[in-house]
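In my numbering, the protein residues as written are 5 to 523.
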């Protein structure tokens, strides 16, 4: 395991040596170490590999003479805090530190630093490392980098990446910066990037790479192997075979090519059992196909069947994470956030993402106040009815959320479509019918234990059963409606369903109570 150790002690000759000896005697492998002194105090930082625990490292370090404080954390967010603390004290160490940190680890540190300090760090990073950092950086960090790094350096950073990554990052640059950066990108690189920029970022074309081995069907196996030896490709274990018109014919695994005769034509060894996607297909559709067919890559072809590029499994992994995050935000009533991190997100952006949903939910929920006001006379006569309002609408909201989650998941996995609405309704009616009977029985017993009134208990039981059925059907239908309107089903889930069910449930409860009490 990898650990970060931050140590403070009295400044004296040999302190760094003594700490190093203690760590190596324990069996740890020191990857990086540095020390600075200020006003009689030494500040030591170690990056090390150790198979034990952080507490064991802390115990051995505390035995070293003149050590005043020790903080050891396993690599992760907690360790990022330690590294950020050290960089704040000694920013000159940053460039050297990046040699031992993955860009994702360094990003965890960056977002914990004050913005003015970050501004001084960006220009000091090497172009290749900066390119890797831009791959994983949130929008706010990318915009900061664009303000403090020269367009020429940004272009050098982009050139070190694959074409699909270059296109993705360029689209995140402010327009003015994008135009300036393009001027410094070599023409041959710019040509491949421009072919990708015409596709939306969240489409198959937006996440595909064109850096793959492509050969004509008339070429030979020896030509393919020679190409693989001469050039570096993002995809290197398979070649794609096209016709003279550039249409995809098939593919061949490099391992299979090694078994073929060098003079064999690629048209004879090509496998044609491929699944392809259109460049304008949504990235979520692509991910679903790759999961369904257990693919590690999938070719992208246009309407004429011409080969454009390939989407790899690492791109799809990023898509799945992004879509899960997006759905989680939607289910929580937060607008789409894109590439953003909480620690770097602007307060005004967080406000925008949350306010409109809160306002919409508030306006819908306000109908509950009107319903209660409309039945105020009934409540004043039978006050015990008010005690069961949270029970009724809370259970209904949970039932609706359950149904919504099931249907949203089924839609995401392609198990159902909007055309299956009748099947969904029938299945949910049968399911929620059983749920309603079970909960109504429990509701009757609970209501009677509080009110000692059979009529009130019957009202609660019938209302509970009715609200569960209504909520379940609403929860199942809203995602299907969203899907038929080409909206993300998660948009009409979560707080929105709960709010709608609150209104419908409250109205149903008082309607049933009024009907029974007037009989």
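All C-beta atoms in this analysis are idealised placements derived from N, C-alpha and C, irrespective of residue type, glycine included.
Could you tell me if residue 160 is buried or exposed, where buried requires 16 or more neighbouring beta carbons within 10 angstroms of its beta carbon? For the purposes of this step, residue 160 is taken as the residue at position 156 of the chain shown. Under this definition residue 160 is a buried residue.
Quick check: what's the CA-CA separation for residue 156 versus residue 349? In the chain shown, residue 156 corresponds to position 152, counting from 1. In the chain shown, residue 349 corresponds to position 345, counting from 1. Cα to Cα, residue 156 sits roughly 27 Å from residue 349.
If we count the other Cβ atoms within 10 Å of its Cβ and call it buried at 16 or more, is residue 112 buried or exposed? Locating residue 112 in the chain shown gives position 108, where the first residue counts as 1. Looking at its Cβ environment, which holds 16 or more other Cβ atoms inside 10 Å, residue 112 is buried.
Would you decide whether residue 240 is buried or exposed? Buried here means 16 or more other CB atoms lie within 10 Å of its CB. Along the chain shown, read from residue 1 onward, the residue named residue 240 stands at position 236. Result: exposed.
Pick from 181, 464, 59, 469 that is closest to residue 435, judged by C-alpha positions: Here the question's residue 435 lines up with position 431 in the chain shown. When only C-alpha atoms are compared, the closest one is 469.
Would you check if the stretch 87-103 and the stretch 39-50 touch, i.e. whether three or more CB-CB distances between them fall below 8 Å? yes
Rounded to whole angstroms, what is the Cα-Cα separation between residue 264 and residue 56? Taking the first residue of the chain shown as position 1, residue 264 is located at position 260. Taking the first residue of the chain shown as position 1, residue 56 is located at position 52. Approximately 50 Å, taken between the alpha carbons.
Once DSSP output is grouped into helix, strand and coil, what is the label at residue 404? By 1-based counting over the chain shown, the position of residue 404 is 400. It is helical.
Which residues mark the beginning and the end of the beta strand (DSSP E) in which residue 12 is found? Walking along the chain shown from the start, residue 12 turns up at place 8. That run of the beta strand (DSSP E) goes 6-14.
Reduced DSSP secondary structure (H/G/I, E/B, other) of residue 143: Taking the chain shown and counting its residues from 1, one reaches residue 143 at position 139. In this structure, residue 143 counts as helix in the three-state DSSP scheme.
Counting only the same chain and skipping the five closest in sequence on each side, list residues whose C-beta sits under 6 Å from that of residue 132. As a position in the chain shown, residue 132 is number 128, starting the count at 1. Within the same chain, residue 132 has close Cβ partners 164.
For residue 319, which residues of its own chain have a beta-carbon under 8 Å away from its beta-carbon, when the five flanking residues on both sides are left out? Residue numbering aside, residue 319 sits at position 315 when the chain shown is read from its first letter. So the list reads 168, 211, 212, 213, once near-sequence residues are dropped.
Using the Cα positions of residue 444 and residue 493, report the straight-line distance between them to the nearest angstrom. Residue mapping note: residue 444 aligns to position 440 of the chain shown, counting from 1. Residue mapping note: residue 493 aligns to position 489 of the chain shown, counting from 1. Each residue's Cα considered, the two are about 30 Å apart.
Can you tell me which of 454, 466, 504 puts its alpha carbon nearest to the alpha carbon of residue 477? Taking the chain shown and counting its residues from 1, one reaches residue 477 at position 473. Closest option to residue 477, Cα to Cα, is 504.
Local Cβ density within 10 Å of residue 195, reported as buried at 16 or more and exposed below that: Walking along the chain shown from the start, residue 195 turns up at place 191. Under this definition residue 195 is an exposed residue.
Return helix, strand or coil for residue 240, following the three-state DSSP convention. Translated into positions along the chain shown, residue 240 becomes position 236. Coil at residue 240, not helix or strand.
The alpha helix (DSSP H) that contains residue 478, what's its start and end? Start at 1 with the first residue of the chain shown, and residue 478 comes out as number 474. Unbroken alpha helix (DSSP H) run through residue 478: 458-488.
Are there 16 or more other CB atoms within 10 angstroms of the CB of residue 380, so buried, or fewer, so exposed? To locate residue 380, count along the chain shown from 1; it is residue 376. Classification of residue 380: exposed, given that the 10 Å Cβ count is below 16.
Give the straight-line distance between the Cα atoms of residue 525 and residue 258, rounded to the nearest whole angstrom. Lying before the first or after the last residue shown, residue 525 is absent from the chain, which here runs from 5 to 523.
Below 8 Å on the Cβ atoms is my guess for residue 77 versus residue 177; work out the distance and round it to an integer in Å. On the chain shown, position 73 is the one that residue 77 refers to. On the chain shown, position 173 is the one that residue 177 refers to. Contact doesn't hold; Cβ gap of about 35 Å is too wide.
Tell me which same chain residues have a C-beta within less than 8 Å of the C-beta of residue 4, skipping the five on either side of it? The question about residue 4 has no answer, for the chain in this structure spans 5 to 523.
Which whole-angstrom value describes the C-beta separation of residue 127 and residue 153, a residue pair presumed to lie in contact below a C-beta threshold of 8 Å? As a working note, residue 127 is residue 123 in the chain shown. As a working note, residue 153 is residue 149 in the chain shown. Yes, they are in contact, since the Cβ atoms of residue 127 and residue 153 sit about 6 Å apart, within 8 Å.
What is the residue span of the alpha helix (DSSP H) that residue 65 lies within? In the chain shown, counting from the first residue as 1, residue 65 sits at position 61. Run containing residue 65: 58-65, per the alpha helix (DSSP H) assignment.
With a CB to CB cut of under 7 Å and the five nearest residues on each side skipped, what residues in its chain are close to residue 384? By 1-based counting over the chain shown, the position of residue 384 is 380. For residue 384, where only same-chain residues beyond five positions count, there are no Cβ hits under 7 Å.
Can you have a look at residue 135 and say buried or exposed, based on whether 16 or more other CB atoms are within 10 angstroms of its CB? Here the question's residue 135 lines up with position 131 in the chain shown. By the neighbour-count rule (16 or more Cβ atoms within 10 Å), residue 135 is buried.
Buried or exposed for residue 238, please, with buried defined as at least 16 other CB atoms from any protein chain shown within 10 angstroms of its CB. Here residue 238 refers to the residue found at position 234 of the chain shown. Buried, because 16 or more other Cβ atoms sit within 10 Å of the Cβ of residue 238.
Since residue 65 and residue 74 are thought to touch, with beta carbons under 8 Å apart, how far apart are those beta carbons, to the nearest angstrom? In the chain shown, counting from the first residue as 1, residue 65 sits at position 61. In the chain shown, counting from the first residue as 1, residue 74 sits at position 70. Going by Cβ atoms, the distance from residue 65 to residue 74 rounds to 5 Å, so yes, they are a contact pair.
Figure out for me which residue from 115, 30, 63, 83 has the closest Cα to the Cα of residue 345. Mapped onto the chain shown, residue 345 falls at position 341. Selected option, being the one with the closest Cα: 115.
Which same chain residues end up closer than 6 Å to residue 149 when comparing Cβ atoms and leaving out the 5 residues on each side of it in sequence? Start at 1 with the first residue of the chain shown, and residue 149 comes out as number 145. Within the same chain, residue 149 has close Cβ partners 126.
Could you round the C-beta distance between residue 420 and residue 411 to whole angstroms and report it? I think they count as a contact, below 8 Å. For this step, residue 420 is matched to residue 416 along the chain shown. For this step, residue 411 is matched to residue 407 along the chain shown. That belief holds up - the Cβ atoms of residue 420 and residue 411 are roughly 7 Å apart, short of 8 Å.
Span of the alpha helix (DSSP H), counted from its first residue to its last, around residue 192: For this step, residue 192 is matched to residue 188 along the chain shown. Here the alpha helix (DSSP H) through residue 192 covers 191-201.
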